[in-house]
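Note sheet for the following structure.
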Amino acid sequence: MFAFGIKTGIIFSVSLARICTHQPGSEVNNNRKIETFHLATFGCQMNLADSSTLTATLTSRGYRRVDDESRADLLILNTCSVREKAERRVIGRLWDIQRHKHQRPHVKVAVVGCMAQRLGKQLIALVPHVDYVLGTDRLFELPDVIEGKEDTSPVMTAFGHENMDVITPARETSFSAFVTIVRGCDNNCTYCIVPHVRGSERAHSADHIVDSVRRLVDEGIVEVVLLGQNVNSYRHRDTDFPRLLRRVASETDIERIRFMTSHPKDLSRRLVDVMADEPSIMPHIHLPLQSGANRILQKMGRGYTVEHFEGIVEYIRRGLDYVSLTTDLIVGFPSETAEEYESTLAAVRRLQFDAAFMFRYSVRPGTVAADYEDDVPETEKVRRLKRLIELQQEIGRQRNQREVGQVRYGLIEGTSRRSVDYLRARTEGNKIVLFKAGEAEAGRIIPIGVTSADAFTLHGDVAEVRS
Ligand code: SF4
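If you read the sequence shown in our numbering, its first letter stands for residue 526, the second for the next number, and so on.
Written out as structure tokens, the structure is:
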């Protein structure tokens, strides 16, 4: 009933437009040509990267991006399915957009990315004013779809259609860019929807990646972030991830190379050796532990033990003079006992991460874990998460305190979000440092003496340049 009522509303508004808003020089309003688009991105860096690539694809075809969605002829939502909350936000946004369509009936709505992949046609049944649904493998075909090119349709979710070498790298800012090196994931973590919505792994060729970085350097980019769900399993012909990193570092003039995300079961010691040799590879590794209990890791399908993880961390810390390690942790996974949770706390104390993303488990329909009994009560999950966050914040504060008195090289990103009197830069270890400065352009790398630190941020002053 509800869906029918909404649909009726759209038809009504279209009719009104036909009567009232014919524009000279264009077709009837609801058939007006698409000239401008607005793109909203939900979720992770992979989505940000896809959004930038999609923007480049659309602008190269003559469409103009606008920040104000009320001026856009095409509204694009690049979506995330990792958590139910992320999907609920998209649905909420789509209902808001419906009002917008009432006022400007020619506006088209495209939902692309993970949620489009997961729901396909069901999305249009759920939110009837959505015009296009393009999954993770098809979103770059959006210009063809809106132009009604042959072999396209408003709903496209089949995998296996990408031309990997035409997918361009994506600028995050005028000085930093994402370069996707591998799409999809071949792992089967039982709680994760990503392999279902992003498909199996497809790697870009090393030549394509190196050429892309060179081009970005020519355009003024100083930092690239090499992206993949699991960068360590990158392989294209005889090039694995350590070799790829070596090539990017030695065959281009890029000043800073970052990468994410790493997987503990695939991270090779050769990666650490390459990082130690190549100063342009930043000493930061995001290495998700998820749990400190082996039985839970096995139930999560992670493919490593806590002991293996600790062995890697030891090798990393021994091999690199300075490194910052961050992680992901989940509490309250099905059947996690109080003792197993304590093992996670103990592992966090031993491993001394610089920072962590911490979550309480929530069921994702379609995953293997959705069939497990979600038997840790919500109140207990909240309690476990709170204690874990408190512990990690204290460790993070202590780790940051160790930076005080050091000179770190910060890539200036802009002004502090809290005060325009301070600039914000990102250190080699991916930590935010705030410092007072006069004029300093975003994109410059400058030495900063760290003077104080809290759990999340470093503070400092511009230091003398070292010779
Ligand atoms: S490695 Fe595991 S958690 Fe990461 S994207 Fe793949 S399945 Fe999901």
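Where a beta carbon is used, it is the ideal one built from N, C-alpha and C, also for glycine.
Of all residues in the structure, which have a C-beta closer than 6 Å to any heavy atom of ligand 1, taken in chain order? With 6 Å as the limit, the residues whose C-beta approaches a heavy atom of ligand 1 more closely than that are C710, N712, C714, C717, V719, P720, Q754, N755 and H788, in chain order.
Considering T682, what are the terminal residues of the alpha helix (DSSP H) in which it resides? First-last for T682: undefined, no H or E at that position.
Is the shortest distance between the beta-carbon of V742 and the beta-carbons of chain D less than 7 Å? Reference to chain D is not applicable here, since this structure consists of a single protein chain.
Alpha carbon to alpha carbon, what distance is there between S678 and G935? 47 Å
Does the beta-carbon distance from I914 to Q877 come in below 7 Å? no
With 16 other Cβ atoms within 10 Å as the buried cut-off, status of Q815: buried
Exposure label - P630; buried when at least 16 CB within 10 Å: buried
Report the option in L659, V707 and A818 whose CA atom is closest to the CA atom of E835. Of L659, V707 and A818, the smallest CA-CA separation from E835 is found for A818.
The beta strand (DSSP E) that contains Y866, what's its start and end? For Y866, no beta strand (DSSP E) encloses it; the enclosing alpha helix (DSSP H) starts and ends at A863 to L876.
Note the first and the last residue of the continuous alpha helix (DSSP H) segment covering K626. DSSP places K626 in the uninterrupted alpha helix (DSSP H) bounded by E609 to Q628.
Report the three-state DSSP secondary structure of P972 (helix, strand or coil). The answer is strand: DSSP assigns P972 an E or B state.
Same chain, Cβ closer than 6 Å to R771, neighbours up to 5 away in sequence not counted: Within the same chain, R771 has close Cβ partners V799.
Verify whether the separation of the beta carbon atoms of A988 and Q926 is less than 7 Å. Pairing A988 with Q926 gives a Cβ-Cβ distance that is not under 7 Å.
Is there contact here, the region 951-960 with the region 897-912, by at least three beta-carbon pairs under 8 Å? No, they do not touch.
V738 to V747, Cα distance in whole Å? 10 Å
Paired residues, beta bridge with E467 - DSSP: Given a span of 526 to 992 for the chain in the structure shown, any question on residue 467 remains unanswerable.
Nearest-angstrom Cβ-Cβ length linking H563 and A597, presumed shorter than 8 Å: 4 Å
Select from L602, T830, I837 and H627 the residue whose C-alpha is nearest the C-alpha of L796. I837
Would T851 pass as a contact of H811 if the rule is Cβ separation under 7 Å? yes
If you draw a straight line from the alpha carbon of F981 to that of F960, how long is it in whole angstroms? Between the alpha carbons of F981 and F960 lies a distance of about 15 Å.
Tell me the DSSP bridge mates of G954? Beta-bridge pairing links G954 to no other residue.
For the alpha helix (DSSP H) holding R663, just list the boundary residues, first then last. Per DSSP, R663 belongs to no alpha helix (DSSP H) and is neither H nor E.
Straight-line CA distance for A965 to Q628? 44 Å
Terminal residues of the continuous beta strand (DSSP E) containing G930? Neither: G930 is in no beta strand (DSSP E) and is coded neither H nor E.
Would you kindly work out how many angstroms separate the C-alpha atoms of L948 and V773, rounded to a whole number? 29 Å
Quick one: give me the first and last residue of the alpha helix (DSSP H) that L644 is part of. C639 to L644
What first and last residue would you give for the beta strand (DSSP E) that runs through D986? T982 to V987 is the extent of the beta strand (DSSP E) around D986.
Can you tell me whether R643 sits near ligand 2, meaning its C-beta is under 6 Å from at least one heavy atom of the ligand? As presented, the structure is devoid of ligand 2, carrying ligand 1 as its sole ligands.
Check each candidate in L600, E803 and T777 and name the one with the smallest Cα separation from P767. E803
Just tell me which of P972, E865, R885 and S701 has its CA closest to the CA of V831. Of P972, E865, R885 and S701, the smallest CA-CA separation from V831 is found for E865.
Tell me where the beta strand (DSSP E) around I601 begins and ends. L599 to T604
Within 10 Å of its beta-carbon, does T862 have 16 or more other beta-carbons around it, so buried, or fewer, so exposed? Counting Cβ neighbours within 10 Å, T862 comes out exposed, since fewer than 16 surround it.
Along the alpha helix (DSSP H) that carries F567, what are the first and last residues, could you check? Here F567 belongs to no alpha helix (DSSP H), and DSSP marks it neither H nor E.
Sorted by chain position, which residues of the same chain lie with C-beta nearer than 7 Å to T777's C-beta, five sequence neighbours on each side aside? V735, V738, R739 and V742
Three or more C-beta pairs closer than 8 Å, one from the region 583-593 and one from the region 614-624: is that the case here? Contact between the region 583-593 and the region 614-624 is absent, because fewer than three Cβ pairs lie under 8 Å.
Below 8 Å, how does it come out for the region 723-734 and the region 695-715: are there three or more Cβ pairs, yes or no? yes
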